[in-house]
Amino acid sequence: MKQIIDVSLWSLAGGYLLLIFPLAILLYQRVRILKETATAVIRMTLQLLFVGLYLQVVFKLNNPFLNLAWVAIMVIVADLSILRGCKLNIKRFLLPLFIALIAGTAIPVLAFVGPILRLPDWFDAQYVIPLAGMILGNCLRADIIGLNNFYQSIGTNQKAYHQSLAYGAALIEALNPYFREALRASLTPTIASMATIGLVALPGMMTGVILAGADPFTAIKYQIAIMIAIFSGTAITVFLAIRLTIHSSFNAYGTLNPNVLNTYK
Amino acid sequence: MLRCILGLVVPDSGSISILGESINGHNIWKIRHHLAYVAQEPDLGTGTVREIIEKPFSYRANLKLRDNLGRLPSLMERFNLSSGLLDKQMSSLSGGEKQRIALVTAILLDRSIVLLDEASSALDKENKQAVADYFKQAQNITVLSVAHDVEWLGFATRVVDICEHNSIFGAEK
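Chains as they are written, first to last, in my numbering: chain B, 32 to 296; chain V, 264 to 436.
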């Protein structure tokens, strides 16, 4: 198999010329998202340049502790972006969410680098960083959907929720219908993508492995393993994210603390 | 006020005692097992009427009451609800039907204290009478009803008038 061809910086700069098409369309149709587009392109470039440079160092040193530290930083950044992404006042959720993200990422990553790949060095940067990144990204998305769905549906269905408490439900019994719905909502996208994968689009990881010069069959084996890892990671993280935040979100009487839903009222 | 008794609203000051216990975040879970509550516009969740009536009986505290569901057909009849309603979606019911379904569920739970929040507001004369008759003949049940309906107040053994100035007038009948 051929090795991947590097992109020279000059050609990459030329690649930006492709932006002429979307910009021309936006201008022609007067879609007022030019500023957002420019900011997004600049941010993407700077963030990826920074990460690329940093990862070069991390990969060169390839120190297991440094690799894990990098994963921990990714988890903290994910944690903070969930707090921003959820329309919830959940500053006090920082620690529970951190635990939920660590568990949702670490368990599938360890399964991947251990029993599946049987890596001699489990925390090799080449494997652990991209795998953790992919799984964490999905955990982040799932947590945002799950937490939003859970707390907002209790907020909007407050009367029905209170009625279950009045009927003598224990806290977890009254919360269960909303918990189930939140799990369903957060896992459905992954289930849908597992069901259509390969038919509609070639998934990112598989494309990457093929571009890197590997055999397509190796690529699909990686893809299957990562899909299962993502699915189990998202289930673990959403379950924990909700379970671990319940305690601080409801008062002793079982009613939702109104300041959890800071966008409501 | 009824929502304070249920611990769904915590009063700013004062305390509420039920069955000799001053309610707090600890004992409210046990106290709720002695209470039934019918809201003014009951929101019992989504699903068929049968699922909604059966749901409270799946809670651990109510499991031993499951046999009470055997009384469902006769209670439905008593409150002029056709048995065909059971397979309908809750959302398709009228306000009065929802109110009577909530009343039936509350009665099946065999609680000693029943809290009714304007529970007659969507009922016609005949159904109001049916509900009042039921509670009148029921043994060992205390009904605490918040109401503006003069006709409904007529069924009460004691009426407490809560005025705007927070003063309370009680009248034993």
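C-beta: ideal position from N, C-alpha, C; glycine also.
Beta-carbon spacing of residue i, residue j below 8 Å
i, j, result
"LEU170/B", "THR268/B", "The amino acid occupying residue 170/B in the given sequence is Cys; Leu does not appear at that position. Yes, the pair counts as a contact, with Cβ atoms nearer than the cut-off."
"VAL140/B", "ILE104/B", "no"
"SER280/B", "LEU287/B", "yes"
"VAL406/V", "LEU379/V", "yes"
"ALA250/B", "VAL240/B", "yes"
"ARG341/V", "GLU204/B", "no"
"GLN362/V", "LEU386/V", "yes"
"ILE35/B", "GLY264/B", "no"
"ALA197/B", "TRP292/V", "no"
"LEU301/V", "ALA365/V", "Here residue 301/V is Val; the residue named in the question, Leu, does not match the sequence. Result yes, Cβ atoms of VAL301/V and ALA365/V sit closer than 8 Å."
"ILE257/B", "MET236/B", "yes"
"ILE315/V", "LEU326/V", "no"
"PHE52/B", "PRO95/B", "no"
"GLY145/B", "PRO319/V", "no"
"ALA213/B", "PHE181/B", "yes"
Endpoints, the alpha helix (DSSP H) within which residue i is located
i, result
"ILE160/B", "156-187"
"ALA201/B", "Careful: ALA201/B lies outside any alpha helix (DSSP H) and carries neither H nor E."
"PHE342/V", "PHE342/V -> no alpha helix (DSSP H), and no H or E assigned at all."
"VAL140/B", "125-142"
"VAL413/V", "413-416"
"ASN390/V", "388-400"
"ILE291/V", "291-294"
Which of helix, strand or coil DSSP assigns to residue i
i, result
"TYR284/B", "coil"
"ILE107/B", "helix"
"SER375/V", "coil"
"VAL231/B", "coil"
"GLU284/V", "strand"
"TYR300/V", "strand"
"ASP350/V", "helix"
"VAL406/V", "strand"
"ASP380/V", "strand"
"THR265/B", "helix"
"THR309/V", "coil"
"VAL62/B", "coil"
"MET264/V", "coil"
"ARG323/V", "helix"
"HIS278/B", "helix"
"ASN93/B", "coil"
"SER276/V", "coil"
"LYS296/B", "The pLDDT assigned to LYS296/B is 36, lower than 50, so where the model puts this residue is not dependable; a value taken from the coordinates is nonetheless given after this. In this structure, LYS296/B counts as coil in the three-state DSSP scheme."
"GLY244/B", "coil"
"VAL88/B", "helix"
"TRP153/B", "coil"
"SER42/B", "helix"
"ASP330/V", "helix"
"GLY270/V", "coil"
"SER357/V", "coil"
"ALA205/B", "helix"
Between the CA atoms of residue j and residue i - distance to the nearest angstrom
i, j, result
"LEU356/V", "ALA100/B", "58 Å"
"THR288/V", "VAL62/B", "At residue 288/V the sequence reads Gly, which differs from the Thr that was named. Their backbone Cα atoms lie some 54 Å apart in a straight line."
"ASP110/B", "LEU126/B", "9 Å"
"VAL413/V", "SER384/V", "11 Å"
"PHE398/V", "LYS391/V", "11 Å"
"MET225/B", "TRP415/V", "59 Å"
"ALA131/B", "ARG215/B", "17 Å"
"ILE64/B", "ALA191/B", "41 Å"
"ARG123/B", "ASN343/V", "51 Å"
"LEU292/B", "CYS117/B", "10 Å"
"LYS436/V", "VAL367/V", "Its pLDDT being 49, under 50, LYS436/V is placed unreliably in this model, and the coordinates cannot settle the point."
"ILE261/B", "LEU77/B", "27 Å"
"ALA142/B", "GLY46/B", "38 Å"
"ALA69/B", "MET75/B", "10 Å"
"LEU206/B", "TYR158/B", "39 Å"
Delimiting residues of the beta strand (DSSP E) encompassing residue i
i, result
"ARG421/V", "421-425"
Own chain partners of residue i with C-beta closer than 8 Å, once the 5 adjacent residues on each side are dropped
i, result
"HIS297/V", "ILE281, LEU282, ARG374, SER375, ILE376"
"VAL89/B", "LEU97, ASN98, TRP101, ALA156, ILE160"
"ILE268/V", "ILE279, ILE281, ILE286, LEU298, LEU378, LEU407"
"GLY270/V", "ILE286, GLY288, ILE291, ILE294, ARG295"
"ALA393/V", "ARG341, PHE342, ASN343"
"LEU58/B", "LEU65"
Contacting residues, own chain, Cβ-Cβ under 7 Å from residue i (five flanking each side not counted)
i, result
"TYR295/B", "Note that TYR295/B has pLDDT 41, beneath the 50 cutoff, so the model's placement of it is unreliable and no number is given."
"SER346/V", "PRO336, MET339"
"GLN489/V", "Only positions 264 to 436 of chain V appear in this structure, which leaves residue 489/V out of reach."
"GLN303/V", "ASP380, GLU381, SER384"
Own chain, CB closer than 6 Å to residue i, minus 5 neighbours either side, in chain order
i, result
"ILE222/B", "none"
"SER301/B", "Lying outside 32 to 296, the shown extent of chain B, residue 301/B is not represented and no answer is given."
"GLY135/B", "CYS170, GLY264, ILE267, THR268"
"ASN179/B", "CYS117"
"PRO289/B", "none"
Residue i beta carbon near the ligand ADP (any heavy atom closer than 7 Å)
i, result
"VAL62/B", "The ligand ADP is not part of this structure, which contains no ligands at all."
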